[in-house]
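Residue numbers (my numbering): 30 to 225.
The following block contains the structure:
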């Protein structure tokens, strides 16, 4: 569903006062049949751009993100480091942090896999460091969705990230309530925070 990445990009747009936002999102890297039986981590990170210029309603942003996510998935086999080299030769673009394309990640995982005779669930281990300066990681767990923000302590403090989490919750709540509201008009602050 594009709701969570759209909400994340809307929040980033509002927070940074930018109409164009690019986040990196990880894809499995197993789209080709010959890769499906391989053991190991084959993920690739693809850039996902959102254009919030022109005051789009949240529903319009959802359509945009859905379309761009489908396009990104269609090109997921092209390694991001090769794309960086082709578009900006000679510029360093390491995998961590997204190189020249993005500094923020959106990660979504559905860790439960039912193979009939075998059911696999992920074991959640605390990760010590963020892979990029800021990332929203979302896990689907049954009927619930669990999310957390990881961040670089060199760039953000805990109070800022906690405030971003509250603002994301509020933005998504209001967007689901009325998806025709322009993204720029969706409230970020709770009434108590606004009063303060």
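From the three backbone atoms N, C-alpha and C, an ideal C-beta is built for every residue, glycine too.
This one's a predicted model, so the numbers in the text were calculated from it and none came from an experiment.
Taking the C-beta atoms as reference points, residue 213 is found nearer than 8 Å to residue 84. A distance below 8 Å between beta-carbons, with the five flanking residues on each side excluded, links residue 90 to the following residues of its chain, in chain order: 35, 38, 39, 79, 81, 212. If you look at residue 138, you'll find it in the beta strand (DSSP E) that goes 133-138. The beta carbon of residue 56 sits closer than 7 Å to the beta carbons of 72, 73, 75, 102, 105 from its chain, once the five residues preceding and following it are set aside; these are given in chain order. Along the length of the stretch 178-210, whole beta strand (DSSP E) runs at least 3 residues long do not occur.
For residue 49, the enclosing beta strand (DSSP E) has its first and last residue at 49-56. Taking C-beta separations shorter than 6 Å and ignoring five residues to either side along the sequence, the partners of residue 33 in its chain run 167, following chain order. Counting the other Cβ atoms within 10 Å of the Cβ of residue 96 gives fewer than 16, which makes it exposed.
Counting along the chain, residue 103 sits inside the alpha helix (DSSP H) bounded by residues 87-103.
By the neighbour-count definition (other C-beta atoms within 10 Å, threshold 16), residue 31 is a buried residue. Just so you know, the alpha carbons of residue 187 and residue 181 end up roughly 10 Å apart. With a beta-carbon spacing of about 6 Å, residue 217 and residue 199 fall inside the 8 Å limit used to define contacts. When the Cα atoms are used, residue 53 and residue 162 turn out to be separated by approximately 12 Å.
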